[in-house]
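For reference, the structure is listed below as structure tokens.
Protein chains in written order, with full-length UniProt numbering: chain E, 1 to 792; chain H, 1 to 792.
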């Protein structure tokens, strides 16, 4: 039996923000953090609702400089609902330790339940059972059902429900000096006795946000029901007659529309219409549960034991952040999901860890997320042109309009200093976009996209790399200078007056791969389409020749048989890892430690996270060897093994992605030590290994990466155009699992690993046989049949 | 040589509105009517710019009743640009007959050029050459280049450019009693000396609309440049020194963004950024021309002579209303394009005449237009539920949110009476949606869509028909009661107290077809997907059994060997057609004539437009015969021929679609008389055959239908999953043409008809051979080869 619940017993204010993050509910369109709605705290502590892709820009002053920042907007909070005996004080777990407290996230049903027994100052006790959903069928709805049972008393119960537009982005402590107020132009009102509404817009981007809330009380209607529209919030006060031991239920149903929604007129009209037509809680729960059942079926991943439970939580967060509803929106993959304010909701490269998973379950969502990048190709081309280059330079951090949103300063909380931030030099984000386009098309066979928007985006990214590469006649190699790789510890050479490092191996090898795929694509494109595309982007016929040349002659530095992270890496001294571990314990953020000491991590052979080793994450061994071979650098198993060993000993894992990548690389090489890293990746968020970062938002890339680790790393699955390739490399601790994937026209391919055997099944409703390639063998599996294979 | 121009010589105020309509420019996102920007008339005469899918709702009072109407919004006019000698009066063709006037629409380049010699009151002459584009590469841009050459004088020239937000929807005379003012909240301003902006929003739907205009003067900068922001418009005044015989050029470049645009923050910021980064006119013209060249290549249709020229104009309008830019928008197929105010920009069933054409050229646009319907499935299901039915009832007229927008009253201009309008009973629009889903998927092979949103929409439409059908035990047939067919002359039985007619043959036969396709689809769906879908829509397992039964036993009435248009049609008296033709001449709007006489067209065997004969338009002869066979009604060639003859003699062709359908049906049957109808369809708009309706907006469905007539009717082309079927039936007047289509994975299939032979060519870059079925033969055509076949 799978355990589908994520449960907390007891109420501990120190843990509530972490629990909130992990118990966030969403549906791809908006998400609501798992806050205690009846709490008496201010809104800054209980940010409620985030809409996907709804950004707003504010100007603040920090460290004497004016900084502009764009945030994923914290929308009005729909959760507030509190209650008290008439004349008493509010029942809240924050005021008095609850007599009992239990919080259960039901992953299967996408439902959060809280059961409490609360006591007020006069000793009155109330039992509370509260269920909450953010609706997965109708993505504009959310609902909160609160059953209240007085214990040992009868009388009048006051209930106060609200829609609260007086909210700020204040969930990340180090951002609190920045202006966090994004909502303006509030209007509130009521329709009849049971429905209230709040209308507002984002301050600078002008997105209208309208919310309507309907409250119903069972079994008897309320004694009184008084909507009280206010300037920033609308409060709905109800008086209920309650009797000892007899439960009353308050159902709050909320509809949310923004001016970015398709198929509506005015957002407020749409919200009012929608809430008026919404079913009651049990009806909503039924359709919501069905929708979740369908999602789980599309993304079946059955892994035994504790790991399986954590993977289900990760899958839950991935599915509710990037659900089928995402496909209709203009949104990207936010690094911290939809519920965390860290990184301001920006889009980085995390999709590199997310899309390969989604490609095999929800290809329409992958395609939409790629479409988000394609729609911002113009912005990326403008950025490249401003940097003096052809092609497209995708931003390291971005939001609504695709421009670079990376901060120019960041705070080292350890030293208190605001420091220059060069991370916008992580131009490798473009290769991540290109990689995902290619992988998606391999998995889906979607030539409409590949030859359409996909082609233009991929070509412009390739073009940027070819144009960025400088020919070095002395070395007879192309070089890419002044960039940052994924490892953010190295943003400049020690003492250098310009930021960036040269010939980052990750950047150059992925760029070579992108160029080679662009050339493949040019050969594959229908002739008219190729002509059209070349004319459209004004491609010089000589450019593909340059791409060919650059793709074969980009420089990759080596030292002592090891791929160097960048040019000059070999010259850096070693760090006294043991010494720092002894002195500081947790040295994940070694950069901050050294900066606070007046030193710089740029000086050492020390990595925050996987950089060179990312290559082993992106490319299966044979593809990686071929890629190095094309570049004229032989890469045999021994050399790769030496490289892995080198970086294993020199990485602090300051990113949640690092454990994942190390685990992946070691697992693919069937090496010991993989599980330790995989385990770290699995527990990164649930145990908040980065110390406080999870409560600022879960790490979506790392979560999705653990799913893909099971799906692609442990199975060796590669969905190629000619066959589904498999090459299982199970870990002893993860050797028994079942998953289903959708691969091209095959909607239901089941993979089952266990007892040293691999089963592959094809649904009887799939139209054609499945071709599988495994260890040199090619198998054809007919629809409605399965094959079980012994692993080598 | 093809003639790519549409040219008017001389200026005639009586014809200007028709010329405006036919010379509209657009790019899928917005369109600008061909108005004379330098005219001194009020804005009501020169509505400027329509944005696709931007609707707004107003409440007016008419005939003592409050009516609500939703219009496609006439956005601020960006065209105004006028000029005069300092102290003189404005040069305008409206004030004084121009010395010369020529207006040329260059279809190939999507460019409108006007050359004029104008004279002011003081006898000063100025030569004007004005070129205008609505940009096809960057759909947010438009530009107007005006070259002014004083003849015989020198001095100061005043130029006044404006962005005019003081606009109304007033282009249709009979709507002028209705409130037409959709813009509010205007703000205006300037950035530097060369750029002005206007920001506003639609009154009830609250869509922000921002426009920025940059003006540059060549060869010398202006003497003075004064932006003058006003309350509803911003005017930009320039003073230029001009010399006799020396041209000066004023380039006005405009950017338009609305709050519905993806990939932007604030629309005004986006518009200002975009216009600041825009190239000069020659650069814009070059990229625009390239984009048009690509469109023409995708939709190659080379037909000789005058017919070919008209078809190019039709294709131009189709491509600029539904361009690749449409694919990124939430818009439907507006009956009158984007430039006409008639029908208030509403979406009817015209897509039935448009998508089968687009499917074979711009399948991504077809898919997006189907997505528009899928996104409004919820509204269609609510409408069905309110009518007491399961499934989806798509609205006859709709706009932003998918609800029914059909007017409840319409005006008979002949009698001056406002009459009840029952046309919302045209429930057959749902079958048009289902038909297009199926045909699109046949042409494209897009199972992702077919099994995804397409399946749910198609099933819900089928479900509505099954639930609407009533079992008549006496007849042992299902019946559909109280509807209207496409023929709007019959909206009730004479003297009946309820609207609608029963067993409309078109409705019932298409409903049976939809039910049969829904059953096909249920069999084809991958098992999990089918289960998911059935659960999602709570489909009772017994329902498909009912669909099967209804699809075989829907009633189709017959009389005297003829398919009856509806039950009881046979009992209606004949009309004295010759008498009415004698008395009224043009009897296209026979309904208005009879109503004005106190009679009703409901009383007669008289049709406004094809209804039964539409079946011959939708279904090739074998498919139609099979469909009737499935229903238990043998339909042989003789019976169909008798049916065609019957309705040929009883149709007034009050719709532009009617000639098209009659021509199609006769051409497919290789019968004489086809050309007369085809010719009527070809000239419907260019000669404004309906008398004044074209200036209220071109007829997009009829235009696209004429293209499809060449593409599918004259070739007998049917893109099926197993083969491209062909069965040419050229008309003597249309027997020589070339076209290219995109069919599934074949991006470039060329069909060439001429001299009694058919050539089929497959591009060498197409990956796989093409299977063609022609007259019982199956041919395989390898990539890079062509076959020429003698026609039977």
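Using N, Cα and C, we set each Cβ at its ideal position, and we do this for glycine too.
Here the structure is a predicted model, which is why all the values come from computation and not from measurement.
With a 10 Å radius around the Cβ and a threshold of 16 neighbouring Cβ atoms, residue 680(H) comes out buried. Looking from the CA of residue 296(H), the closest CA among 414(E), 636(E) and 528(E) belongs to 528(E). DSSP, read as helix, strand or coil, puts residue 353(E) in helix. Taking 8 angstroms as the CB threshold, residue 693(H) stays off the interface with chain E. The Cβ neighbour count for residue 747(E), taken over all protein chains shown within 10 Å, is at least 16; the residue is labelled buried. Chain order gives the chain H residues near residue 290(E) as 535 and 536, where near means a beta carbon separation below 8 angstroms. In the DSSP assignment, residue 759(H) forms a beta bridge with 752(H) and 788(H). Residue 142(H) holds the alpha-carbon nearest to the alpha-carbon of residue 31(H) among 142(H), 3(H) and 692(H).
What residue 208(H) touches in chain E, judged by beta-carbon distance under 7 angstroms, is 206, going in chain order. According to the DSSP assignment, residue 725(E) belongs to the beta strand (DSSP E) that extends over 724–726. DSSP places residue 114(E) in the strand class (E or B) of the three-state scheme. Distance check between residue 35(H) and each of 21(H), 90(H), 788(H) and 151(H) places 21(H) closest, using alpha-carbon atoms only. A straight line joining the alpha-carbon of residue 655(H) with that of residue 71(E) spans about 53 angstroms. At a beta-carbon threshold of 8 angstroms, the residues of chain E lying near residue 400(H) are 263, 264 and 265, ordered along the chain. Under the three-state reduction of DSSP, residue 604(H) is assigned to coil, being neither helix nor strand.
Only residues of its own chain outside the window of five on either side were considered, and among them 512, 516, 551 and 552 have a CB closer than 8 angstroms to the CB of residue 630(H), listed in chain order. By the 16-neighbour rule on beta-carbons within 10 angstroms, residue 784(H) is exposed. The Cβ of residue 364(E) sits closer than 8 angstroms to at least one Cβ of chain H.
Residues of the region 173–205 of chain E with a C-beta less than 8 angstroms from any C-beta of chain H: 204 and 205, listed in chain order. Residue burial annotation: residue 471(H) is exposed, with fewer than 16 other C-beta atoms found within 10 angstroms of its C-beta. The three-state reading of DSSP puts residue 562(H) in strand, counting E and B together. Straight-line measurement puts the Cα of residue 375(H) at about 39 angstroms from the Cα of residue 475(H). Around residue 452(H), the beta-carbon contacts reaching into chain E at under 7 angstroms are 364.
In the same chain as residue 207(E), and ignoring 5 residues on each side of it, the C-beta atoms closer than 7 angstroms to its own belong to 54, 201, 258, 259 and 260, in chain order.
Distance check between residue 157(E) and each of 204(E), 617(E), 247(E) and 173(E) places 247(E) closest, using alpha-carbon atoms only. Within the region 210–296 of chain E, the alpha helix (DSSP H) runs of at least 4 residues that lie entirely inside it are, in chain order, 267–277.
Residue 398(E) sits close to residue 346(E), with the two beta carbons spaced by under 8 angstroms. In its chain, beyond the 5 residues on either side, 605, 606 and 607 have a beta carbon closer than 7 angstroms to the beta carbon of residue 650(H). Here residue 721(H) carries a coil assignment [DSSP, helix/strand/coil].
Under DSSP, residue 501(E) takes part in a beta bridge, and its partners are 483(E). Among the residues facing chain E, residue 334(H) is not included, as its CB has no counterpart in that chain under 8 angstroms away.
Under the three-state reduction of DSSP output, residue 586(E) falls in the coil class, being neither helix nor strand.
Shortest Cα-Cα distance from residue 504(E) to any of 255(E), 428(E), 61(E) and 238(E) involves 428(E).
Using a CB distance cut-off of 8 angstroms, residue 527(E) counts as an interface residue toward chain H. Residue 703(H) is a Cβ neighbour of residue 317(H), given a cutoff of 8 angstroms. Counting along the chain, no alpha helix (DSSP H) covers residue 412(E); the unbroken beta strand (DSSP E) around it starts and ends at 409–412.
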